[in-house]
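Residue numbers (my numbering): 113 to 285.
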Amino acid sequence: MTYKPQRPFILGFCSSSSGSGKTTLIEKIIPILNSKGLVISVVKHAHHKFDIDTPGKDSYRLRKSGSYQMLVLNSERSALITESPEGNIDSVKMIKQMDQNVDMILIEGLKSLPYKKIEVFRKGVSKEKIYPNDESIIAIASDNLNNESIQSLDINNAHEVSDFILSLLKAHE
Numbered sequence: 113m114t115y116k117p118q119r120p121f122i123l124g125f126c127s128s129s130s131g132s133g134k135t136t137l138i139e140k141i142i143p144i145l146n147s148k149g150l151v152i153s154v155v156k157h158a159h160h161k162f163d164i165d166t167p168g169k170d171s172y173r174l175r176k177s178g179s180y181q182m183l184v185l186n187s188e189r190s191a192l193i194t195e196s197p198e199g200n201i202d203s204v205k206m207i208k209q210m211d212q213n214v215d216m217i218l219i220e221g222l223k224s225l226p227y228k229k230i231e232v233f234r235k236g237v238s239k240e241k242i243y244p245n246d247e248s249i250i251a252i253a254s255d256n257l258n259n260e261s262i263q264s265l266d267i268n269n270a271h272e273v274s275d276f277i278l279s280l281l282k283a284h285e
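What follows is the structure, encoded as C-alpha cells:
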C-alpha cells in the first residue's frame with residue numbers, strides 16, 4: 113500500500129549520547145519507507161565543525177571570500193552551504209527551506225526541536241533514557257525494553273520501526 117501524507121511529516125530520532133544507533137536505524141528504515149513509495153529527506157546534526165566543500169575549488173573560494181550562502185549544483189546533486197560564524201543557525205528555518213514536496217523529513221539529533229521524536233537507546237552506550245522528561249518523544253527504540261511507559265520498538269527490527277512510522281503517517285493524513 114502506498115501512503116501519501118500531508119507533506120512533509122517531520123519525525124526526529126534522538127538519544128542521550130552518540131553511538132546509540134540513530135544513523136544505523138535511519139539508514140535501515142529509509143529503504144523500507146522508499147519501498148512504500150515515500151520520498152524521504154534527512155537532517156543530520158553534526159556536533160563538530162565540518163566542511164563539505166573542497167579547498168581550492170571555485171565554490172570553496174567564493175564561500176571563503178565572504179558569501180553568506182553558497183549553492184553548488186549540477187544536474188544530479190546540489191548542496192546549499194550557509195555560513196554563520198556567530199553560531200546562530202536557525203535549525204527550524206533551515207528545515208523549512210528544504211524541499212517541502214517530500215513525504216517525510218527525518219531528523220537525526222537536534223533533540224530540542226519541536227517535532228515528534230523516537231528515542232534511540234542502546235544498553236551500554238546510551239547514558240540515560242530521556243523520554244520521561246521530554247513529551248515530544250512518542251516512542252523508544254531499544255535493545256533493552258523494560259516495561260516502558262511509551263510505545264516500545266525493537267531497535268534491531270527496522271520493519272517494526274517502519275510500521276510504527278507508517279502508522280504515524282496514516283494518522284497525520
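Every residue gets a Cβ at the ideal spot worked out from N, C-alpha and C, and that includes glycine.
In the three-state DSSP reduction, D211 falls in the coil class, being neither helix nor strand. In the three-state DSSP reduction, D170 falls in the helix class (H, G or I). The region 245-255 and the region 139-157 do not touch, with fewer than 3 CB-CB distances between them shorter than 8 angstroms.
A distance below 8 angstroms between beta-carbons, with the five flanking residues on each side excluded, links S132 to the following residues of its chain, in chain order: V232, F233, R234, V237 and S238. Distance from the CA atom of D202 to the CA atom of C126, rounded to whole angstroms, is 18 angstroms. With contacts defined as CB atoms closer than 8 angstroms, I164 and M182 fail to qualify as a contacting pair.
In terms of CA proximity to A270, A253 leads the group L257, E285, A253 and K282. For E272, no beta strand (DSSP E) encloses it; the enclosing alpha helix (DSSP H) starts and ends at A270 to H284. Pairing H157 with G221 gives a Cβ-Cβ distance under 8 angstroms. Take Q212, set aside five residues on each side of it, and the residues of its chain with a beta-carbon closer than 7 angstroms to its own are R119 and P120, in chain order.
Apart from sequence neighbours up to five positions away, the residues of its chain that approach V154 with a beta-carbon distance below 8 angstroms are I138, I142, I217, L218, I219 and E220, ordered along the chain. The bridge partners DSSP lists for K156 are E220.
Remark: C-beta atoms of A251 and I262 approach each other more closely than 8 angstroms.
Secondary structure note for L150: it is in no beta strand (DSSP E), with a DSSP letter that is neither H nor E.
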